[in-house]
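Position 400 (the sequence shown) corresponds to 400 in this note's numbering; numbering is contiguous.
C-beta atoms are modelled at their ideal positions from N, C-alpha and C, and glycine is treated no differently.
Since the structure comes first, as structure tokens, the remarks are kept for the end.
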Amino acid sequence: MQRRIGRLTVLGLVALLAIAFLSLPAWAGKKDDTLNIATTKELENADRYFNTAREGIIFARHVYDNLLYRDPKTYEYKPLLAKSYKWVDDTTIAMELRQGVKFHDGSDMTADDVVYTLNFAANPDNKVKTQRYSNWIKEVVKEGPYEVKILLKEPFPAAMEFLSGANPIYPKDYYAKVGPNGFGLAPVGTGPYKVTELEPGQKVVMVKNEDYFKDSPKGQPSIGKIVWRTLPEMNTQVAELMTGSLDWIWLVAPDQADRLAQMPHLTVIPAETMRIGFIKMDAADRTGAQGMDNPFKKLAVRRAVNHAVNKGAISKSLVGGDSRPVYSACFPTQFGCTDDVMQYEYDPEKAKKLLAEAGYPDGFETILYGYRNRPYAEAMVGDLAAVGIKAKLMMMKYSALREKSRAGKVQFDFQTWGSYSINDVSAIVSYFFEFSDDDMARDPQVRDWLLEADSTIDTDKRKMLYKKALQRIAEQAYWAPLFTYVSNNCFSKDLDFTPYPDAVPRFFQASWR
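Here is the structure:
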């Protein structure tokens with residue numbers, strides 16, 4: 001009933017605002033060359049190395065630059081702050097840097113900045129939150145004013161991917177002076193937009209960098225100013241979008257997006273993203289070691305879960321748009337991902353049979369934990385109940401759930417993962433299956449295949465090893481992979497904007513129509 005009331009409220013709001021909207025002049029954003037955007041979650045920290053949230057990734061792509069740039073259309077790696085690069089050997093990358101690139105404070109970008117930034121990020125003593133994406137670096141050394149060598153601890157084939165997204169370059173002198181805390185409040189980069197105002201948790205104002213270097217593969221920014229506000233309530237965002245106070249919002253629920261699509265002055269694009277949903281199960285019996293009864297240590301139970309959940313229906317009816325079911329523990333475009341694995345079709349009767357074989361003819365009670373997308377989780381709970389698995393849904397904040405899970409106190413967990421927009425399977429499967437605190441399988445064979453794949457630059461060998469790991473993960477049903485996510489991008493028809501699967505809005509490539 002509560003959900004229906006919410007939908008009726010939104011429907012009424014749409015109708016009322018549609019009438020008001022017809023009397024509005026041209027969109028305010030286009031009129032004053034200011035793009036007004038909003039997200040439900042705040043920018044926790046403007047320092048990319050201390051922020052792993054999606055908002056931090058988006059912010060970083062606009063304010064900072066990396067050494068390389070991954071083309072979102074072709075997935076080709078192009079020099080960005082680097083002018084050129086080459087592999088000297090399996091553990092050495094030589095880079096020549098662009099000359100004439102300036103930070104927003106007017107200082108020149110040189111080899112000193114690259115050496116300082118990457119060595120800072122790679123040093124575990126600095127406790128950066130993105131350590132996994134720089135801990136493969138042994139050392140970065142200066143070879144000349146605009147030349148550096150990146151020395152790797154061991155062969156690391158995903159280096160190009162990580163250098164193109166997760167490791168922006170900061171101004172050495174400024175960062176050393178103000179430190180991470182000061183930098184997080186007053187960030188300085190080389191990117192297409194520079195920050196002029198930052199109210200933590202509330203608002204960020206960025207203006208076009210008129211001095212942005214002309215041959216950047218990112219292109220030249222067109223829109224003069226971006227005002228990014230935090231608006232936790234989606235209904236508020238929807239209302240402001242329709243009245244013209246906002247020009248762009250995303251992650252809009254399918255029913256709301258459908259209604260917004262009926263507005264003559266709005267565009268809605270439901271674009272698939274790199275994020276996938278999945279259920280993790282305690283195959284390693286970490287909860288059993290703490291005295292909890294753990295049905296999920298049994299393979300037949302894990303396979304039953306895979307057959308019980310109707311992920312196709314959830315993908316089509318609840319996620320909507322371009323969402324599709326997934327059968328492997330990765331996003332389809334990621335290097336090394338394969339769907340040539342054991343696939344579990346929706347089959348409640350087979351699920352019941354497997355439960356009986358496992359010693360649970362009448363099912364069992366458990367807790368399904370989750371941190372987002374309650375309607376999706378509720379649908380899963382219903383599917384599980386139909387085969388006898390009576391799961392109580394327990395929704396928690398992500399940080400609290402992560403802590404509980406890493407402590408080995410969670411055995412059944414609905415999770416999602418966007419791989420930090422890294423188009424390499426190591427960003428998901430290696431993260432969850434190499435015996436970290438997030439690994440609920442603890443399979444030494446899978447771990448060893450992944451470690452070998454992560455440390456060879458032979459692409460064919462990598463694919464073969466990742467395939468073996470993914471096939472065993474599926475065969476052992478360590479996860480129940482579910483579906484891809486869709487980001488409903490809703491924006492003014494005055495805005496020329498293209499979304500991409502990595503879920504990084506590129507406003508530096510947007511323009512007014």
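Residue 392 counts as exposed, since fewer than 16 other C-beta atoms from the protein chains shown sit within 10 angstroms of its C-beta. Per DSSP, reduced to three states, the secondary structure at residue 89 is strand. Under the three-state reduction of DSSP, residue 263 is assigned to coil, being neither helix nor strand.
Residue 305 and residue 248 have their alpha carbons spaced roughly 39 Å apart. Between residue 255 and residue 335, the C-beta spacing is not below 8 Å. With a cutoff of 8 Å on beta-carbon distance, residue 371 and residue 410 are scored as not near each other.
If one requires a minimum length of 3 residues, the beta strand (DSSP E) runs lying completely within the stretch 172–245 are 193–199, 203–208, 225–230, in chain order. Distance from the Cα of residue 56 is smallest, within the candidate group 41, 311, 70, for 41. By the neighbour-count definition (other C-beta atoms within 10 Å, threshold 16), residue 467 is a buried residue.
Nearest in C-alpha terms to residue 364, of all of 390, 133, 443, 342, is 390. Residue environment: residue 367 is assigned as exposed (fewer than 16 neighbouring CB atoms within 10 Å of its CB, all protein chains considered). When secondary structure is reduced to three states using DSSP, residue 372 falls in the coil class, being assigned neither helix nor strand. By the criterion of a C-beta distance shorter than 7 Å, residue 167 is surrounded in its chain by 66, 118, 121, 133, 134, once the five residues flanking it on both sides are discounted.
Comparing alpha-carbon positions, the option among 201, 358, 100 lying closest to residue 295 turns out to be 358. About 6 Å separates the beta carbon of residue 39 from that of residue 230, a gap short enough to meet the 8 Å contact definition. Assignment of residue 148 by DSSP, reduced to helix, strand and coil, places it in the strand class. Counting only residues of its own chain and dropping the five nearest sequence neighbours on each side, residue 279 has a CB closer than 6 Å to the CB of 414, 480. Note that the C-beta distance between residue 30 and residue 494 is below 8 Å.
Residue 70 sits in a strand when the DSSP states are folded into three classes. In this structure, the beta-carbon distance from residue 225 to residue 33 falls below 8 Å. Rounded to the nearest whole angstrom, the C-alpha separation of residue 436 and residue 428 is 12 Å. Taking the Cβ atoms as the reference, residue 421 lies roughly 6 Å from residue 503, within the contact range of under 8 Å. Between residue 319 and residue 483, the C-beta gap is smaller than 8 Å, which places the two residues in contact. Approximately 4 Å separates the beta-carbon atoms of residue 68 and residue 164; this is inside 8 Å, confirming the contact.
In this structure, DSSP gives residue 43 a state outside helix and strand, which the three-state scheme calls coil.
Sixteen is the threshold: since fewer than 16 other Cβ atoms of the shown chains lie within 10 Å of the Cβ of residue 88, the residue is exposed.
Sorting 449, 324, 283 by C-alpha distance to the C-alpha of residue 477 places 283 at the top. Per DSSP, residue 492 is not a residue of any alpha helix (DSSP H); the beta strand (DSSP E) it occupies stretches across 479–492. Here residue 154 has 91, 455 as same chain residues with Cβ atoms under 7 Å from its own Cβ, once five neighbours each way along the sequence are excluded. Relative to the Cα of residue 60, the nearest Cα in the group 507, 179, 462, 343 belongs to 507. Secondary structure note for residue 77: its beta strand (DSSP E) is the uninterrupted segment 77–79.
With respect to residue 447, residue 157 sits apart: the two C-beta atoms are not nearer than 8 Å.
Residue 74 and residue 160 have their alpha carbons spaced roughly 15 Å apart. In the structure shown, residue 251 adopts coil according to DSSP, grouped into three states. C-alpha of residue 234 to C-alpha of residue 513: approximately 26 Å in a straight line.
Its chain contains 49, 50, 120, 121, 134 as the residues whose beta carbon lies nearer than 8 Å to that of residue 128, once the 5 sequence neighbours on both sides are disregarded; these appear in chain order.
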